[in-house]
Amino acid sequence: MGACLALCSLASCASCLCGSAPCLLCGCCCCSSNNSTITRLVFSFFLLLGTLVSVIMILPGMETELRKVRSLFLPIWLHHGCIVNCDVIVGYKSVYRMCFAMTCFFFLFAAIMIRVRSSKDPRAPIQNGFWFFKFLILIGITVGAFFIPDGTFPTVWFYFGVVGSFIFILIQLILLIDFAHSWNKAWVENAEDGDNKCWFAGLLSFTLLHYALAFTAVVLFYVYYTQPDDCTEHKVFISLNLILCIIISIVSILPKIQEAQPQSGLLQASLISLYTMYVTWSAMTNNPNRNCNPSLLRQVQWWDAQSIVGLLIFLFCTLYASIRSSSNTQVNKLMQTEEGRGSGGEGVVGEDGKLRAMDDEEEKVSYSYSVFHFHLCLASLYIMMTLTNWYQPETTTQAMHSSMPAVWVKMSSSWLGLGLYLWTLVAPLIFPNRDFN
């Protein structure tokens, strides 16, 4: 734990050099950006730093140091008369505590920043400055989390993680839909403005690639995650999601849908189909039935394939939500964003001739501070569940890395996500007098 806290301390020392308009992530180039964008990037850096510390804590060899914190080490006897791998238990419980600290940190700021309307609010400087003290607060909460008595803490916090991860999976889907819409719109405009058909060829290529990967995933799922006389649940999951993906693909290109939603198309449907297959795969890897889950036949660690893919998607969505401009409709609604009336985002030149971050929130905030921090709360819980393989405390060895609650949470989130996307396609037809842009 000392090495992990030292890493946090070094980062906090670096942050104090940047003042209230830090360029912590990308140097002076980001100083020409809007102040709101820089703030979101630095808070995202806090989250990524906590994720890195959690990864370090769960690495082999760290359990030796973590054993020194007595509340983390508690021998657990199983029904079979053997002892659970305490090295894994200690590492997983440390991740629980680190993510608990991050969740509390972001929830604290979410509560403080409720109803902040502009940068002139007395609380706005707390959001956009005092980075050194924010690091100290995060470190303090982290240290305190490691002295929480074991008791019922892991079990209770597991259920917090399940609920938070469920919501965050849906948020990831919304962000991916938004990304696909923006991608499709930009390339179509480039093709029409420059009369260059290569942009259309690029859209077609990526659409086919997404569908090819999704179809390949379905075939592999049937081969490796089903048995002729077993795994009925997996067969239902795979078949149902395949049918739903086909449905949204057909609906997205219907003439009436295209008329009401000109930006809808197969690119978005293909990306959502691919993401749905990832969630399906992730759910099946948590099934405790060894006959239907080949992942259980080998030593399970956090860096298995589906966890790595999940972390990559998490990183992309977190950074995308941080740097996306407030002119984007979907992110606006997700982050409760309004257009700020400050600068145009080009930055201003200071007395020393250097570009400075411009306050773009003088009259209105460009995003909801509270909603943004709540989003990071959910991201912290998602990271906790991903790194611990949805580990459920006080269970048998087989269910220590995989459990049916995780399966149903992921599958239900995929169905709800597909339903939400289908609703975005048909809603303009059902309510033609409403603005769904």
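Note that the sequence shown covers residues -16 to -1, 1 to 421 in mature numbering (1 follows the signal peptide of the UniProt record, and there is no 0). Just so you know, even glycine gets a beta-carbon here, dropped at the ideal spot from N, CA and C.
C-alpha gap between residue i and residue j, whole angstroms
i, j, result
"residue 251", "residue 294", "21 Å"
"residue 103", "residue 27", "17 Å"
"residue 409", "residue 80", "39 Å"
"residue 89", "residue 122", "6 Å"
"residue 369", "residue 163", "25 Å"
"residue 200", "residue 399", "20 Å"
"residue 152", "residue 127", "26 Å"
"residue 40", "residue 115", "23 Å"
"residue 414", "residue 239", "15 Å"
"residue 33", "residue 237", "42 Å"
"residue 231", "residue 202", "16 Å"
"residue 361", "residue 155", "12 Å"
"residue 224", "residue 367", "28 Å"
"residue 268", "residue 136", "28 Å"
"residue 196", "residue 207", "17 Å"
"residue 96", "residue 29", "20 Å"
"residue 235", "residue 166", "20 Å"
"residue 159", "residue 134", "36 Å"
"residue 183", "residue 170", "9 Å"
Exposed unless 16 or more other CB atoms sit within 10 angstroms - verdict on residue i
i, result
"residue 302", "buried"
"residue 416", "exposed"
"residue 396", "exposed"
"residue 185", "exposed"
"residue 277", "buried"
"residue 112", "buried"
"residue 77", "buried"
"residue 24", "buried"
"residue 83", "buried"
"residue 259", "buried"
"residue 19", "buried"
"residue 394", "buried"
"residue 403", "exposed"
"residue 212", "exposed"
"residue 266", "buried"
"residue 270", "buried"
"residue 22", "buried"
"residue 118", "buried"
"residue 98", "exposed"
"residue 198", "buried"
"residue 189", "exposed"
Per DSSP, cross-strand counterpart(s) of residue i
i, result
"residue 213", "For residue 213, which the question treats as bridged, DSSP gives no partner whatsoever."
Nearest-angstrom beta carbon gap, residue j and residue i [assumed within contact, 8 Å]
i, j, result
"residue 229", "residue 257", "4 Å"
"residue 363", "residue 31", "6 Å"
"residue 142", "residue 376", "6 Å"
"residue 187", "residue 174", "At roughly 10 Å, the Cβ-Cβ gap does not stay under 8 Å, so residue 187 and residue 174 are not in contact."
"residue 405", "residue 161", "6 Å"
Residue i and residue j closer than 8 Å at C-beta
i, j, result
"residue 194", "residue 254", "yes"
"residue 365", "residue 149", "yes"
"residue 389", "residue 146", "yes"
"residue 93", "residue 357", "yes"
"residue 242", "residue 412", "no"
"residue 371", "residue 42", "yes"
"residue 85", "residue 110", "no"
"residue 275", "residue 177", "no"
Cutoff 8 Å: residue i Cβ touching any chain B Cβ
i, result
"residue 105", "Given the protein chain composition of this structure (a single chain), no chain B is represented."
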